[in-house]
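The block underneath contains the structure these notes are about, expressed in structure tokens.
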Amino acid sequence: MPKVNKMMVMIVSVCVIAVSAIYYNYKFVRYDSDKIIFGATYMTMNNSFYKAITDEIEKQINDRGDILYTRDPALDAAKQNEQIDDLMELGIDVLIINPVDYSKVNDSLKRAKEKGIKIIVIDAQLDDDTIADTTVLSNNYDAGVQCAKDMMRNLASAKIVLLQHSAALSSVDRINGFLDTIKYNENYTVVAKEECLGQTEVAMPVLMDIIDKEIEFDVVMALNDPSALGALAAIKDKQIAHKVLVYGVDGSPDMKKLLIDSNEVQGTAAQSPSTMGAKAIEAAYAIVNEQAHEKSIVVPVALITKNNIGEYDISRWQ
């Protein structure tokens, strides 16, 4: 073999060994044993609410010099399970999860727990509350209650459409809070309820279909602000002439701006993603350091309407 070819073979061999070593270290060895490594996977990042949560979490982790890996399963429970496995291979100490489906991630989380990984569940709880070390939630049931009470103050009777996401227990709690508040009053009737995954682009055609079926309604109770915005888009597109009270849950900048600039939105039960993120990371560090911590943290919500919108900063989340 010519000398130059031998040299090339040696160079290629060294490169292959070096790349393999880097890959092995990346995949199986902790980046820095002195740092706490966090993994986070949210049901979707196609929602500024989750971006606000992760911004707060990332800020606090960076301030402490630790490491955060963030993943987006895009509302796919199978993909979220794969992400949990991938994060475990990266050597995480703490997993922060907003579950796509309240039961379909249980097996993956149990495997993580067996490895000693601490589990922080945020915004949408699991059906097995023994898995999480801490669960951080808004008072989702009360969000539905507050929307229902405002509707009853404004309408003596109503025909109601529910836009829901039954795979997320946070959504289930909101809708149950709303329904429990009106269930003994025959003047308030649910005329349709549909799944929309909490997504604007799903909620819009869902409500358009309801309108096309000539189902009469004058209230939309949406599980969150993105689906409320989808409902508003459908009402505009179909040129509904009569007044429809549209409620969301979140207190997003988009909904607050509509409360200022238009009469299209009746109200939104405001969450505080920055508070939720801060409480989640505070609990995570307490757990890692074997300090006292709360098993369940519930963050209050507040209904925002035209009557009190002046008390809120419309440019950002709470």
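Quick note on numbering: the sequence shown equals residues 1 to 318 in full-length UniProt numbering.
For every residue, glycine included, the Cβ atom is placed at its ideal position computed from N, Cα and C.
Just so it is clear, the structure is predicted and the values come from calculations on it, not from any experiment.
Straight-line gap, residue i to residue j (C-alpha atoms, nearest Å)
i           : j    : result
Y31         : A241 : Unreliable positioning characterises Y31 in this predicted model, as indicated by a pLDDT of 45, which lies under 50. A coordinate reading is not provided.
D66         : H165 : 34 Å
Q80         : D107 : 12 Å
Q266        : A231 : 13 Å
I287        : D133 : 8 Å
E82         : K113 : 16 Å
E195        : K115 : 36 Å
V299        : A278 : 11 Å
S272        : Q318 : 5 Å
A158        : I61  : 47 Å
R64         : T54  : 15 Å
V206        : L68  : 37 Å
D209        : I215 : 9 Å
residue 331 : D34  : There is simply no residue 331 to check, as the chain begins at 1 and stops at 318 in what is shown.
M204        : Y247 : 14 Å
E186        : L87  : 50 Å
D218        : A233 : 15 Å
A74         : Y42  : 8 Å
V190        : A40  : 37 Å
Where the alpha helix (DSSP H) containing residue i begins and where it ends
i    : result
E58  : S48 to D63
A112 : N106 to E114
Near the ligand PLP: residue i beta-carbon under 6 Å from a heavy atom
i    : result
M208 : Among the components modelled here there is no ligand, and therefore nothing to report on the ligand PLP.
Cβ neighbours of residue i in the same chain (closer than 7 Å, five flanking residues each side left out)
i    : result
A280 : I57, I96, I120, I122 and V136
D101 : A77 and A167
K236 : none
I260 : I309 and I314
K306 : L259
A52  : P273, S274 and W317
Extent of the continuous beta strand (DSSP E) to which residue i belongs
i           : result
E194        : Y188 to E195
L87         : L87 -> not in any beta strand (DSSP E); alpha helix (DSSP H) instead, spanning A77 to E89.
A222        : V219 to A222
residue 321 : Residue 321 lies beyond the residue range present for the chain, which begins at 1 and ends at 318; the question has no answer from this structure.
Contact set for residue i: own chain, Cβ-Cβ below 6 Å, skip 5 residues either direction
i           : result
residue 321 : What is shown of the chain runs 1 to 318, which leaves residue 321 out entirely.
Q146        : A269 and L303
K104        : A77
T275        : V299
A192        : V161, I210 and I215
Residues bridged to residue i (per DSSP)
i   : result
I37 : I67
Close beta carbons around residue i, own chain, < 8 Å, minus the five adjacent residues each side
i    : result
T130 : none
A283 : I120, D133, T134, V136, H293, E294 and I297
T181 : G144, V145, A148, K149 and M152
Task: alpha helix (DSSP H) runs wholly inside the stretch 119-205, at least 4 long, in chain order - done: 140-154 and 169-182
TODO: Jot down the residue ranges of each uninterrupted beta strand (DSSP E) in the stretch 230-311, minimum 3 residues, whole runs only, in chain order.
DONE: 245-250, 267-270, 296-299 and 302-304
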